[in-house]
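First the structure, in the form of structure tokens, and then the observations on it.
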Amino acid sequence: MDLMKKSLTFRLWKGKQIVSEQWVRMSTKRQNFWEQEKLAYGYLWWVIDEEKHSAAAVGDGGNVIYYNAEHDLVIAITSLFVPRAKDRLAFIKNTIEPLFIG
């Protein structure tokens, strides 16, 4: 549940704003680029699609928080180690996300 709480964008949790809207916007915009994997990086977020406002926090050992603001969708996964971050993101985009947004 803590993963989901921390990923809520522009919302209140028990009456308190967790992070500012401005911080979320800046942290999920491209600040850098990992050329080898062709992935944009914000502040602690991988920017999946800047135009559609989707990004992912990918942690050690397979933990992922993915959000798609356009569809008001948050997906959190805790799992064993997966060798490549891009594999987890592809699994979310190709398998899980279509279940919710068609």
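For the sequence shown, my numbering assigns the number 12 to the initial residue and increments by one for each residue that follows. Ideal Cβ positions, reconstructed from N, Cα and C, are used throughout, including at glycine. In this text the structure is predicted, and so the values were computed from the model without any measurement.
Are the beta-carbon atoms belonging to residue i and residue j less than 7 angstroms from one another?
| i | j | result |
| --- | --- | --- |
| V69 | A101 | no |
| A66 | V58 | yes |
| W56 | S31 | no |
| G113 | S90 | no |
| K63 | E81 | yes |
How should residue i be labelled, buried or exposed, when 16 other C-beta atoms within 10 angstroms of its C-beta is the threshold for buried?
| i | result |
| --- | --- |
| N79 | buried |
| M12 | Because the pLDDT of M12 is 45, which lies under 50, any placement of that residue in the model is unreliable, and the question is left without a value. |
| I107 | exposed |
| G26 | exposed |
| Y77 | buried |
Assuming residue i contacts residue j under a Cβ cut-off of 8 angstroms, what Cβ separation, rounded to an integer in Å, is found between them?
| i | j | result |
| --- | --- | --- |
| L84 | F111 | 6 angstroms |
Original post:
What are the complete alpha helix (DSSP H) segments, minimum 4 residues, inside the stretch 24-90?
Top reply: 32-38
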